[in-house]
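Chains as they are written, first to last, in the numbering used here: chain Z, 1 to 99; chain D, 1 to 523; chain L, 1 to 631.
We put the beta carbon where it would ideally sit given N, CA and C, even for glycine.
Since this is a predicted model, take the numbers as computed values, not measurements.
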Amino acid sequence: MNPVNYLYLSALLFTIGATGVLLRRNAIVVFMCVELMLNACNLAFVVFSRMHGNLDGQIIAFFTMVVAAAEVVVGLAIIVSLFRARHSASVDDASLMKL
Amino acid sequence: MSFPLLTATAALPALGAVATAAVPASRRSAAKWLALLVSLATLALAVVVLVRFDPDGARYQLTESHAWIKNFGVRYELGVDGIGVALLALTALLIPFVVLAGWNDADPLETGSRRWRPTQGFFALILAVEAMVIISFEATDVFLFYIFFEAMLIPMYFLIGGFGDRAHEHGEEAAATQRSYAAVKFLLYNLVGGLIMLAAVIGLYAVAGNFSLTEIAAARANGSLHMATSTERWLFLGFFFAFAVKAPLWPLHTWLPNAMQESTAPVAVLITAVVDKVGTFAMLRFCLQLFPEASRWATPVILVLALISIVYGALLAVGQRDIKRLVAYASISHFGFIILGIFAMTSQGQSGATLYMVNHGLSTAALMLVAGFLITRRGSRLIADYGGVQKVAPVLAGTFLIGGLATLSLPGLAPFVSEFLVLVGTFARYPVIGIIATFGIVLAALYTLVLYQRTMTGPVKPAVASMPDLKARELLVVGPLIVLLILLGVYPKPVTDIVNPAVKQTMSDVHRTDPKPAVEASK
Amino acid sequence: MENLIALLVAAPLLGAAVLLVGGRRLDRAGHWLGTLLAAASFVIGLVLFASLLGKDAEHRTLVQHLWTWVPVESFRADVAFRLDQLSVTFVLLITGVGTLIHLYSVGYMAHDERRRRFFGYLNLFLAAMLILVLADNYLLLYVGWEGVGLASYLLIGFWQHKPSAATAAKKAFLVNRVGDIGLSIAIMLMFTTFGTFAFGPVLTSAGDASEGRLTAIALMLLLAACGKSAQVPLQSWLGDAMEGPTPVSALIHAATMVTAGVYLIVRSAAIFNGAPDAQVAVTVVGAVTLLFGAIVGCAKDDIKKALAGSTMSQIGYMVLAAGLGPIGYVFAIMHLVTHGFFKAGLFLGAGSVMHGMNDEVDMRKFGGLRKYMPVTFVTFGLGYLAIIGFPFLSGFYSKDAIIEAAFAKGGTQGWILGSVTLLGAAITAFYMTRVMLMTFFGERRWQPDADGHDPHPHESPTTMTIPMIVLAIGSVGAGFFFHLGDRFVHWLEPVTGHSEGDSPVGVSVITAATLVCLVVGVGIAWAMYGRRAVPAVAPRGSLLTRAARRDLLQDDFNHVVLVRGGEHLTRSLVYVDHTLVDGVVNGTAAGFGGMSGRLRRVQNGFVRSYAVSMFGGAALLVAATLLMRAV
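This is the structure we're talking about:
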């Protein structure tokens, strides 16, 4: 099967994730959309690795996973404490950090 | 290797600053005494420098030279000529008076927090400024000079912004706002000047390949370093702009009245009598030596600006209602005289200008510090709030008058000698400018005497009726300054002897000789 | 002998330092210390004078070089004193009259709590005045010149609690500063012309300089002289200076300091001789002031201000004489010395009257005082006779000589100047007779003051009357003494030069004309103030009288043009500095502030809008990359 098709899939997933990040208010959903985007990138990396015949892309995919895991830890913690403080998980409610 | 005397003069106050800052919060008076001792020790070192300096010897003496940043040819190079040594001595001399005058200015209003140590900070900052100013007078490496020229802004910023007069007609809150406005204005003005100078410093490196003042000046003099006319002019302007802001020259002067008005009297003295002198000193040392042709090219414009400063500063001083602002504008007028003398390019003008820097330091210190004592007593800076002080505090009034008379350059007091030299030096080459500048002496008398009349004479105002006269500590500040003003007024030869050879060399750097008298010329 | 010269200055200087720094401890004896040191200076002056008399006329110059003052390349000023016939004349006048007035002040200031300081200032004045006349170069002269200005400032404003005194002091200093511009520029011109400003070289090589330069220097010196000697157009301060204690008016504003301008011109004779145009200017200034002061003197009801107008007028005589050149220099100085005697005496008399009348100065509230203060009346009367030029008294010889010299100038100029001096003599007789009649003759016009106290006019204490008597003797005898055998002329000739003029009219004719003028002046005054009772309240008077009371409107002119104009100028400059110069800077700051204010709205705190901008940015970058590749 032509590997380019996987790239189309990756692009589709990324777009879905990006749209979710931009349009949804719920922090958890936004967070999941970010994960979706990361995984879309991972897919693309792996495809490129396959296409070029070296392992660089796969290695980067692992790195991405580690980063994503770390992000989940920190991000969920922030969301939980935000929810505790404001009784809401909407990202638009947390708009105090501005000049 | 001999003892690095010049480094010591700067290192001592620097270490003193650190030590003073480290004094625990509960030992405020220990910090004061430490600062006073350090400043006196620095004065002693400066006297040693003065004694070791041989006026007829090499141009730069007591030199020290070490490699610093090899890749850029930056060296740690120190050395003093007659002009530098005179200003070094002035700085070292004034700081003990500043410390003594500001003895109680930074006491915390209430003894609350244990970590709150304004007194230590105040005196540490003063010593830090002293260290940086001294090294600026000593540096013969352009980059080294630049660093300290800029770095002294930091302690000055905190001194202006952090310690103001207790007195303010609109309350403490308004005072804090005004202070931070003044401090930021001071910082921004000088930073802009400094940045432009930085560009010129880098440009100079690009042209010359090193930062050594002596090497570049020598190479320029023997022709081995050629600079295109336009390059030289741009570089000159870059340097001059920074110095003109610092000096300050019209129309770059408006930071000074704000800064002097809002800071305490000792800090105001620090600004105008010490820090600003670095600007005029650097014009003599860097602008004229590094860019002689461009200096001559720019002379007409600079002279006109200096002339405007003289008249404009004096006229504005007449119109002020705030004592400290008045002194600030008077200083602007005096800086006009100094710059006039430097760029008149005659021996009399430049010796006079150097002497003027010293004398202006003394006279402004005397006037401003007494004004500070006055303001502390009454709690107001407005001239209209005073009247008849002479009757209740005759010694205070008398010293204030002497400070004022020095400011108006009364013959017999030190500033007269320098002012007349500047005028003669200017007149010899530019008669019209000299004549117009002479009108400054009437305006100086006007603002000084109006100030004296409104504050000291007339019926005693109820608010000043119980004003105490000068205390021993205050007399100890003013007395020596007045003695020096009189001494240097009747016998300025020791200073001129030190300054003259350096001025002679500067004159030969710019390829200028004094005009001949008309009778001799016609023969 | 030279080494004594410095002592001359040092004695009063020491007195000033001790009295001003010494503090309250000296309150009880300070005035005697001051008087003693002034007297010491006078004695030293006498010793030096005697030593000069012992030499031939050509070698009567002593120079004492003390130290090099300001050396910068070719610019060289020394602290050096020169004592010659001219300066020793001044030294004796200054220290002699000075000592007498110190003595007088002991009594006059007895009730002033700040008497010690008063004597400190007086000593300071003596020291400065001696520096002025002894200096060997123009820069050191400048030190004395401003020193006397300072002393005058301090003494006019001695009663500082009175706003009028403080204002008058300030005005005197400022007007003098305008004159100082002239002295400064003159010294600078000398430096650029001769390369020096020491008396010796400048005056001997004055002939080498071009006439244009000499004229410029001379005119600048004239400006300086106008300031110090209260000559038109810088005369306005002298009347106000009468706010000072009366001994000050006598010493500084009559006998010595105000004559410094005449000294300056005579000392610079070589320069003025080479600048005929400047000499004309000098005579014009002198002539105008002579009439100006006399007219003002006629209208004032304040006894001190009337005398101040007279001082102005008499100095006008001296300046006019100095402007005549070698025919007048000696007579200018001679009139200066005799004037020093009689005017100081007159002022001390006025002070004595005020002392007895609770410090009243309005002559309309005096009258008939001769019965109450006989000594004052006699001494004042002798001074009066001397100033109007009564035959064989001092003023007769000195003023007559000036009038003769004015005619001897020759040509139209001579006739004009001669007539002006004659007219001046008539007016002098008029206003002095008026003062005399209003004060000492007629009915008593004083009233009990608001508290019901009668002034009780009484004679002054001996410390005050002795100086008055001594000065009266001087007023009577000095002129004849100087005149005898042309002593004064021969004495000063080596310094100032002297030539006999060629008078178009005989000396006896001029003397006769002078006496006629005198009689006319006295006669008119008697008709107006002697025959008729003097009204206690000043009548409205003619236009000229009213103008003269206001100093011929010169103060009003100054006020409108200089004071008001200056106020407007400074006020508008303060505005300009704040709005324009500072405004540009603050405007720049405000511009950046406004820009950042607008830009910061982009930072709205919504995470999703940040995300949009990130995506947009990324998209732009990709698009740009692709575009670059395509091109």
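Minimum Cβ-Cβ distance from residue i to chain Z less than 7 Å
i, result
"Ala611(L)", "yes"
Chain D contact for residue i (CB, 7 Å cutoff)
i, result
"Glu73(L)", "yes"
"Ser164(L)", "no"
"Leu573(L)", "yes"
"Leu130(L)", "no"
"Gly195(L)", "yes"
"Gln279(L)", "no"
"His559(L)", "no"
First and last residue of the uninterrupted alpha helix (DSSP H) at residue i
i, result
"Arg429(D)", "Ala414 to Arg429"
"Arg608(L)", "Val607 to Ala630"
"Tyr263(L)", "Ala260 to Arg267"
"Ser39(D)", "Arg28 to Arg52"
"Ser394(L)", "Ser394 to Ala408"
Proximal residues to residue i (C-beta, below 8 Å), its chain only, five neighbours per side dropped
i, result
"His498(L)", "Pro326, Ile327, Tyr329, Val330, Val489 and Leu492"
"Ala38(L)", "Ala11, Pro12, Gly15, Thr95, Gly98, Thr99, His102, Leu122, Asn123 and Leu126"
"Phe45(Z)", "Gly57, Gln58, Ile60, Ala61 and Thr64"
"Cys517(L)", "Leu422, Leu423, Ala425, Ala426 and Ala429"
"Leu45(D)", "Leu5, Ala8, Thr9, Leu12 and Ala92"
Beta carbon proximity, residue i to chain L, threshold 7 Å
i, result
"Tyr93(Z)", "What sits at residue 93(Z) in the sequence shown is Asp, not Tyr. Closer than 7 Å: no."
"Ser493(D)", "It is worth fixing the name first, because residue 493(D) is Lys in this sequence and not Ser. Answer yes: the Cβ-Cβ gap between Lys493(D) and chain L drops below 7 Å somewhere."
"Ile435(D)", "yes"
"Gln178(D)", "no"
"Val100(Z)", "This structure does not reach residue 100(Z), given that chain Z is present from 1 up to 99, and the question cannot be answered."
"Phe186(D)", "no"
"Gly404(D)", "no"
"Ala371(D)", "no"
"Leu88(D)", "no"
"Val417(D)", "yes"
"Thr254(D)", "yes"
"Phe400(D)", "no"
Contacting residues, own chain, Cβ-Cβ under 6 Å from residue i (five flanking each side not counted)
i, result
"Gly527(D)", "The structure shown has nothing for residue 527(D), since chain D only spans 1 to 523."
"Gly352(D)", "Gly341, Ser418, Leu421, Val422 and Gly425"
"Leu382(L)", "Ala472, Ser475 and Val476"
"Ala547(L)", "Leu553"
"Gly469(D)", "At residue 469(D) the sequence reads Asp, which differs from the Gly that was named. Excluding residues within five positions, the ones whose Cβ falls inside 6 Å are Ala393, Val395 and Leu396."
Cut-off 7 Å between Cβ atoms - residues of its own chain near residue i, not counting five sequence neighbours on either side
i, result
"Ser205(L)", "Phe194"
Range of the contiguous beta strand (DSSP E) that encloses residue i
i, result
"Tyr552(D)", "Only positions 1 to 523 of chain D appear in this structure, which leaves residue 552(D) out of reach."
"Val70(L)", "Leu62 to Val72"
"Trp237(L)", "Not the beta strand (DSSP E): Trp237(L) falls in the alpha helix (DSSP H), residues Ser236 to Asp240."
Output, in sequence order along the chain, the residues in the stretch 594-618 of chain L whose CB is closer than 7 Å to any CB in chain Z. Residues Arg600, Gln603, Asn604, Gly605, Phe606, Val607, Arg608, Ala611, Val612 and Phe615.
Does the structure place the stretch 145-162 of chain D close enough to the stretch 55-63 of chain D that three or more beta carbon pairs sit under 8 Å? Touching, no.
Three or more beta-carbon pairs under 8 Å between the stretch 243-258 of chain L and the stretch 301-320 of chain L, yes or no? Touching, yes, given that three or more Cβ pairs across the two stretches are closer than 8 Å.
Could you list the residues in the stretch 208-235 of chain L with a C-beta less than 9 Å from some C-beta on chain D, going in chain order? Correct list: Asp208, Ala209, Ser210 and Arg213.
Listed in chain order, which residues of the stretch 260-281 of chain D have Cβ atoms closer than 7 Å to some Cβ of chain L? Within the stretch 260-281 of chain D, no residue has a Cβ that lies closer than 7 Å to any Cβ of chain L.
Name the residues in the stretch 510-522 of chain D whose C-beta lies less than 8 Å from a C-beta of chain L; which are they? Taking 8 Å as the Cβ-Cβ cut-off against chain L, the residues of the stretch 510-522 of chain D that qualify are Asp514, Pro515, Lys516, Pro517, Ala518, Val519, Glu520 and Ser522.
Is it the case that the stretch 190-201 of chain L contacts the stretch 502-517 of chain D, given that we only count it when at least three CB pairs across the two stretches are under 8 Å? They touch, by the three-pair rule.
Residues of the stretch 333-367 of chain D whose Cβ lies closer than 8 Å to any Cβ of chain L, in chain order: Listed by position along the chain: Ser347, Gln348, Ser351 and Gly352.
Pair every Cβ in the stretch 261-275 of chain D with every Cβ in the stretch 290-308 of chain D, then say whether three or more of these pairs are closer than 8 Å. No: the two stretches stay apart, fewer than three of their Cβ pairs being nearer than 8 Å.
At a cut of 8 Å, does the stretch 93-101 of chain D reach the stretch 32-40 of chain D through at least three beta carbon pairs? Yes, they touch.
What are the residues of the stretch 293-317 of chain D that lie near chain L, defined by any Cβ-Cβ distance shorter than 8 Å? If the cut-off is 8 Å between Cβ atoms, the stretch 293-317 of chain D has Tyr312, Leu315 and Leu316 near chain L.
For the structure I just gave you, are there three or more beta carbon pairs, one from the stretch 229-240 of chain L and one from the stretch 20-34 of chain L, closer than 8 Å? No: fewer than three Cβ pairs fall under 8 Å.
Does the structure place the stretch 244-251 of chain L close enough to the stretch 144-164 of chain L that three or more beta carbon pairs sit under 8 Å? Proximity of the stretch 144-164 of chain L to the stretch 244-251 of chain L meets the contact definition, three or more beta-carbon pairs being nearer than 8 Å.
Any residues in the stretch 5-31 of chain Z with a beta carbon nearer than 9 Å to a beta carbon of chain L? Which ones, in chain order? Of all residues in the stretch 5-31 of chain Z, Ala18, Val21, Leu22, Leu23, Arg24, Arg25, Ala27 and Val30 have a Cβ within less than 9 Å of some Cβ in chain L.
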